[in-house]
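Protein chains: 2
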Amino acid sequence: MTTRLDDLPGRRCSIAGALDVVGDRWALLVVREVSLGAHRFSEILRGTGAPRERLAARLTALVDAGVLERREYSQNPPRSDYHLTKAGRDLLPVLQALMQWGDRYVADVPPVELRHRGHRIQASWVCDVCGERVGRDTERHATHES
Amino acid sequence: MTTRLDDLPGRRCSIAGALDVVGDRWALLVVREVSLGAHRFSEILRGTGAPRERLAARLTALVDAGVLERREYSQNPPRSDYHLTKAGRDLLPVLQALMQWGDRYVADVPPVELRHRGHRIQASWVCDVCGERVGRDTERHATHES
DNA sequence: GCCACAAGGTTCGCATATCGAACCCACTCG
DNA sequence: CGAGTGGGTTCGATATGCGAACCTTGTGGC
Numbered sequence: 001m002t003t004r005l006d007d008l009p010g011r012r013c014s015i016a017g018a019l020d021v022v023g024d025r026w027a028l029l030v031v032r033e034v035s036l037g038a039h040r041f042s043e044i045l046r047g048t049g050a051p052r053e054r055l056a057a058r059l060t061a062l063v064d065a066g067v068l069e070r071r072e073y074s075q076n077p078p079r080s081d082y083h084l085t086k087a088g089r090d091l092l093p094v095l096q097a098l099m100q101w102g103d104r105y106v107a108d109v110p111p112v113e114l115r116h117r118g119h120r121i122q123a124s125w126v127c128d129v130c131g132e133r134v135g136r137d138t139e140r141h142a143t144h145e146s
Numbered sequence: 147m148t149t150r151l152d153d154l155p156g157r158r159c160s161i162a163g164a165l166d167v168v169g170d171r172w173a174l175l176v177v178r179e180v181s182l183g184a185h186r187f188s189e190i191l192r193g194t195g196a197p198r199e200r201l202a203a204r205l206t207a208l209v210d211a212g213v214l215e216r217r218e219y220s221q222n223p224p225r226s227d228y229h230l231t232k233a234g235r236d237l238l239p240v241l242q243a244l245m246q247w248g249d250r251y252v253a254d255v256p257p258v259e260l261r262h263r264g265h266r267i268q269a270s271w272v273c274d275v276c277g278e279r280v281g282r283d284t285e286r287h288a289t290h291e292s
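If you read the protein sequences in the order shown, they are chains V and C.
Be aware that the first sequence starts at 1, since it is given in the numbering used here, and climbs by one per residue.
Be aware that the second sequence starts at 147, since it is given in the numbering used here, and climbs by one per residue.
Structure follows, in structure tokens:
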């Protein structure tokens, strides 16, 4: 689970660390599918469109990374399904942010709507400490330099 | 700029569309670097740790995708640097979300702090419409099915 | 008992992508 | 004039990704 940041090229950075875990072509789509209720191999396969072998490898890697949990729901024949762990659920903001960007810049018609309380979500990052929107006025303080 | 959602495998989805643009290994790291003030090829090269040829290809693709803008700041010798477009700046929430996740689940010591108003940012995704946090109580309404 | 079919993968051989290292070109500086 | 810098391209080896076929353990139909 601990991908060492130091093994990655470039600036030492949690973004790079996160991408090392979920930054490949299929990982976030897998998380999306599981979060939408697709728990079985074949459902995730259909939803993502990934090649079978890639999907098998990704599922294993995501389980190893602590993003997914594999549950055996039948022993004969052996059958498992996949669920999000807390770490996996905590990726939902990433998906939400990507979706919002995709809706705006790549899709003509947003294909899926996220709703709650009866309206379509349009969300922003808000700082928990001061309650203001997180925007461009943030400073960055590197604590290390590579 | 218009990556057609329909050309992608799997479920028709803006997340997949966004990932088709910025979902490769280096794209988001490039956006991170540019947002941190690295505008020149060599700075981005150093910050990301990408191979030169990959970086050149990515920069071109990101310019074509409308995420970056290339500005020639010298003609003799020809020199350009790269800046975020509005679409590029709108990716910052994605980076913020990834960073927060990485800080939590992969880094031991968060290497970079995002600060504003003198404190470290700890942000949540908040719905603009109703002001509530976006959490797990969201419903998803598919408008199409593939 | 026999055949077809399903789930959840694994194996195979080929095609593409990615890699680091080396090279290139147009300048500038000393 | 020779070394150095910025911004790349080219090259050959390796890694990764791919679709198609196959495998295994079972279930249901007849």
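Glycine included, C-beta positions come from ideal geometry on N, C-alpha and C.
All figures in this text were calculated on a predicted structure; none of them were measured in a lab.
Excluding residues up to 5 positions away in sequence, His39, Arg40, Arg71, Tyr73 lie with their Cβ nearer than 7 angstroms to the Cβ of Asp81/V in the same chain.
Using a CB distance cut-off of 9 angstroms, Ser160/C counts as an interface residue toward chain V.
In this structure, Leu55/V places its C-beta atom within 9 angstroms of the C-beta atom of Val30/V.
Note on geometry: alpha-carbon atoms of Val106/V and Arg204/C lie some 18 angstroms from one another.
Counting C-beta atoms within 10 angstroms of its own C-beta, Gly37/V has fewer than 16 neighbours from the protein chains shown and is therefore classed as exposed. Leu29/V: member of the alpha helix (DSSP H) spanning 27-35, first to last residue.
In this structure, Ser35/V sits near Leu95/V, with a CB-CB distance shorter than 9 angstroms. Asp227/C sits in a strand when the DSSP states are folded into three classes. Per DSSP, the beta-bridge partners of Ser220/C are Arg225/C. Interface criterion not met: the Cβ of Tyr82/V is under 9 angstroms from no Cβ in chain C.
In the structure shown, Arg157/C adopts coil according to DSSP, grouped into three states.
The criterion of a C-beta distance shorter than 9 angstroms is not satisfied by Ala87/V and Gly102/V. Residue environment for Pro239/C: buried (at least 16 other C-beta atoms within 10 angstroms of its C-beta).
Of the candidates Gly49/V, Ser42/V, Ser14/V, Asp20/V, Asp20/V places its Cα closest to the Cα of Asp64/V. In the three-state reduction of the DSSP assignment, Leu238/C falls in the helix class, which pools H, G and I. In the DSSP assignment, Asp210/C falls within the alpha helix (DSSP H) that extends over 198-210. Using beta-carbon distances, Pro223/C does not count as an interface residue toward chain V, since no partner is under 9 angstroms. Here Arg178/C is buried: its Cβ has 16 or more other Cβ atoms, across all protein chains shown, within 10 Å. Within chain C, the residues whose beta carbon sits less than 8 angstroms from that of Leu28/V are Ile161, Leu165, Gly169, listed in sequence order. Listed along the chain, the chain C residues whose CB falls inside 7 angstroms of the CB of Ala87/V are Tyr251. Below the 8 angstroms Cβ cutoff, chain V contributes Val94, Ala97, Leu98, Trp101 as neighbours of Val240/C, in chain order. Pairing Gly156/C with Ala18/V gives a Cβ-Cβ distance that is not under 9 angstroms. Rounded to whole angstroms, the Cβ separation of Arg25/V and Gly169/C is 6 angstroms, and the two are in contact under 8 angstroms. The secondary-structure analysis by DSSP pairs Leu5/V with nothing; it has no beta-bridge partner.
The Cβ neighbour count for Ser188/C, taken over all protein chains shown within 10 Å, is under 16; the residue is labelled exposed.
Here Ala61/V is near Ala27/V, since their CB atoms are less than 9 angstroms apart. Using beta-carbon distances, Glu33/V counts as an interface residue toward chain C, with a partner under 9 angstroms. Non-local beta-carbon contacts of Asn222/C in its own chain, meaning distances under 7 angstroms to residues more than five positions away in sequence, are absent.
The residue from Gln246/C, Leu237/C, Leu191/C, Arg250/C with its alpha-carbon nearest to that of Gln100/V is Leu237/C.
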